[in-house]
Amino acid sequence: MAHVFIIGGAGKIGQRLCRILSGRGHAVRALYRKPEQQALLGELGAEPVSGSLTELDAAALAMHFAGSDTVVFTAGAGGKGGQEMTNAVDGEGLKKSVAAALSAGVSRFLLVSAFPESARGETTSESFENYMRVKKMADVELAQSELDWVILRPGALQDKTGTGYVRAGLAIPYGNVPRDDVAATLAELIEQPAVSRVIIELTSGDAPVREAIQKLAGR
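Next comes the structure, spelled out in structure tokens:
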């Protein structure tokens, strides 16, 4: 049984991951900010932990992480609050979380990042370009750490029901992927520790999630 702490547990991917992990018998704790999210996380099988990522420092986060063997960072400003909030959540929030994980003795850290081809060839705003820069900087921060990390870069996220079939690799063509399948992939990464210190791109595909992740073990 894994002991998992999810940052962004009340988000669309986080909620799905809470449900999957608790259903498989793992111990799940999830950070939440809004009071109404507490009951929701409990219903999903997670232990709710109150706190705001933008207000907690690394020392406080480390206290929350105590007893966990895996941290999943799937938080994101989602374009709300402009560049300042993106910098605070996706950038500084990740940086603090990495420091906290190291301090707390957490062994594994999974980060949901962004596919580098996202919106390429389209007219984008400066806010979006800042988002992509911050996401890349967060990847660098984690990859340079001493943690047992995996960075997952999903394609264009969809809310439709997942198929359980994906394409996962070090470099693959850009495409869509349901959030259900992103959460299922994160669950497999938690259960397959042989997949380590690698950046994985993810889209819909024709391989069962478990099989797709197994093929990446030992790379």
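Per our numbering, the very first residue in the sequence shown carries number 1322; after that it's consecutive. Ideal Cβ placement from N, Cα and C applies to all residues, glycine included. It should be emphasised that the depicted structure is a prediction, and the values quoted were computed from it without experimental measurement.
- A direct Cα-Cα distance of roughly 30 Å separates Ser1418 from Lys1481.
- Under the Cβ criterion (8 Å, minimum of three pairs), the segment 1453-1471 counts as touching the segment 1415-1429.
- The Cβ-Cβ distance between Gln1479 and Arg1454 does not fall below 8 Å.
- Secondary structure at Glu1438: coil, using DSSP grouped into helix, strand and coil.
- In the three-state DSSP reduction, Gln1479 falls in the strand class (E or B).
- Rounded to whole angstroms, Gly1335 and Ala1528 show a C-alpha spacing of 23 Å.
- Within the segment 1348-1379, the runs of beta strand (DSSP E) at least 3 residues long that lie entirely inside it are, in chain order, 1348-1353, 1368-1371.
- With at least 16 other beta carbons inside 10 angstroms of its own, Val1349 counts as buried.
- About 12 Å separates the beta carbons of Val1427 and Ile1327, which is beyond the 8 Å limit, so they are not a contact pair.
- Taken through DSSP and simplified to helix, strand or coil, Thr1395 comes out as coil.
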